[in-house]
Structure formats: structure tokens, C-alpha cells
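Letter 93 of the sequence shown, counting from 1, is numbered 93 in my numbering, and no numbers are missing. Just so you know, even glycine gets a beta-carbon here, dropped at the ideal spot from N, CA and C.
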Amino acid sequence: MNAIGILVIILFVLMVVVGRIQGVKAFLGLVCNFFAIFILIILINWQFNAYIVTAIISVIILAVAIYLGSDNIEVTNTAFKTSIIVVAILMALSIILQCFGQFQGFTTENSEELEGLSLTVGLSFNNIAMVVMVISVLGAVAEAAMAISADLNEVIERSPDMTSTSLYAHSRIIGGQILGTAINTLFFGVLGANIPLLIWFVRLHYPVAMFVNAKLLMTEIVTMLLGMLGILLSIWIASWFIVRTNVQQQKVRIKHERDI
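Structure representation (C-alpha cells):
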């Protein structure tokens, strides 16, 4: 058994120990999403429309990650609606950024790994760059939407008569905490993954202009910024959904009390 297999077994055991049944569901979600990504690669390789395939697979990945992550139907529904809206916005932004940034293809830093290989694979690297950016932000968006939805629903359960102003105040406090930790996670993840590249640039005495124009580095930075924007949008939109739903429920409750 190789190292990856051992790590997968350790991950499964720890998820079961910590999360019990919910941990098993989360692990099954990871397996399902792995196959979803595999299907995405196959469909794009078969020349299916990259935009349509990415949109459909993104919805599937979000649904699996969110609905297998919690048993509270109100939390999951809010998080799913929020995630769909945010990913649609980020997908449009990724297409625009790719159009202006031209992040597709390989760079001179890849030349050693690609030596002897053909790049005429018959696929649009422009579309592949967009797919990579969209798929990379799904986890951050779903996590932020779930976190803010779960926390605000717990606040509502404790104080069902809370006004929309007070609920928005709570959402800003909770959202600020989620935003700080999630953005740090994204930042250090990108930094850790690109430390060898940064060391290479420094040892070769790359000027600042080459740092800024390095395609490998800029692709990672743009993806990170899209993820940060997705977290922020998820917090805003999920908070709006929850406050709006709570106001409607209060109106229904007041009307019912009056009728009685």
C-alpha cells in the first residue's frame, strides 16, 4: 500500500472518530466529489462544452458537499442557494479575468517537465484555465455559506423574536470571524504550495516585473482572490437570505397570533 492509501485510511478513521455518522457522510461526499471531478475531466476531454460541463459539475459538487455536511434542512437549503449564486458570479468573473489576463497554457518554468511531450491535445487551454479557477473556489464558497448559515440559524433558534437589525449585527460579527480564518486558510494554502517557485524566483534574481508577470504565480493569486471574494459574497448573500426568511416567519407568526 502506498502513502496515499495510508493517508486515506487515517483520514477515514479520524473522521469516523470525530464525526461519527456525520463523519462517514462527509467522507462519502469526498469520494463522490472525486468521481465528479474525474467525470468533468472525461467530458472536457470528449470535447463537451466546458462552460456547461463546469456549471453542471459545480452544482453536483456543491450539493454533495453541503447536503452531506449537515442534517439541518434550513441550513443546507440556504447554503446551497447562496453557493449557486456565488459560483455563478465567480464563473462570470473568471471568464472575464481569463480574457484579460491570458493565464492559459504553460510557461517557461514548465519546460523541463514538458520536454518530449506534445501540447497539441486538441483542447482549449483558455477553457481549462477557467475550469481550474472555478473548481478551486467551490470548497471555500460552500464552507463559508455553511458556516454563516449554521451560526445565524442557531442565533435565531435562541432568539426567534430578534429584529432584522440585530440579526444583521450578529451576521457582521460572525461573518468577520469566518472571513478572517477562511482568508488566512486560502492565503497560507497558496503560499505553501508556491514556496518552491518563490525560492526559485529569488535564487535566479528575478526582478519585480517578472514576479508580477509570472503566469504560474499570477494564476494562483487570481484563484486565491476569487476564493476570497467568494467567501465574502457567501457571507453577505447567506445573511440576506436568513434575515429575509426570519422576517417572513415573524410576520406569519404574528398574523397567526392575531387570528387566534
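Distances from the alpha-carbon of I37 to those of N49, G23, I61 and W46 put I61 closest. For the 7 angstroms CB-CB criterion, M146 and A79 form a contact.
Straight across, the Cα-Cα distance linking F100 with N126 is about 11 angstroms.
Contact annotation: I128 and A182 have beta-carbon atoms that are not nearer than 7 angstroms. Taking the C-beta atoms as reference points, T82 is found no nearer than 7 angstroms to A193.
The three-state reading of DSSP puts T163 in coil, since its state is none of H, G, I, E or B.
Around the CB of A63, 16 or more other CB atoms lie within 10 Å, so the residue is classed as buried. Ranked by how close their Cα comes to the Cα of S94, the residues V222, K251 and I6 have V222 in first place. For L204, the three-state secondary structure derived from DSSP is coil. Under the criterion of beta carbons closer than 8 angstroms, M133 and L226 qualify as touching, at roughly 6 angstroms. With 16 or more other Cβ atoms inside 10 Å of its own Cβ, N33 counts as buried. Shown here, D71 sits in coil according to DSSP, grouped into three states, outside any helix or strand. In the three-state scheme derived from DSSP, where H, G and I count as helix and E and B as strand, G189 is classed as helix.
Distance between G29 and L204, taken at the CA atoms: about 43 angstroms. Taking S159 as the centre and dropping the five residues before and after it, the same chain places no C-beta closer than 6 angstroms to its C-beta. At least 7 angstroms separates the beta-carbon of V31 from that of L43.
Looking at the backbone, the Cα of S70 and that of T163 are separated by about 26 angstroms.
In this structure, the straight-line span from the alpha carbon of V137 to that of A26 is close to 18 angstroms. For N194, there is no enclosing alpha helix (DSSP H), since its DSSP letter is neither H nor E. Remark: C-beta atoms of I242 and L152 approach each other more closely than 7 angstroms.
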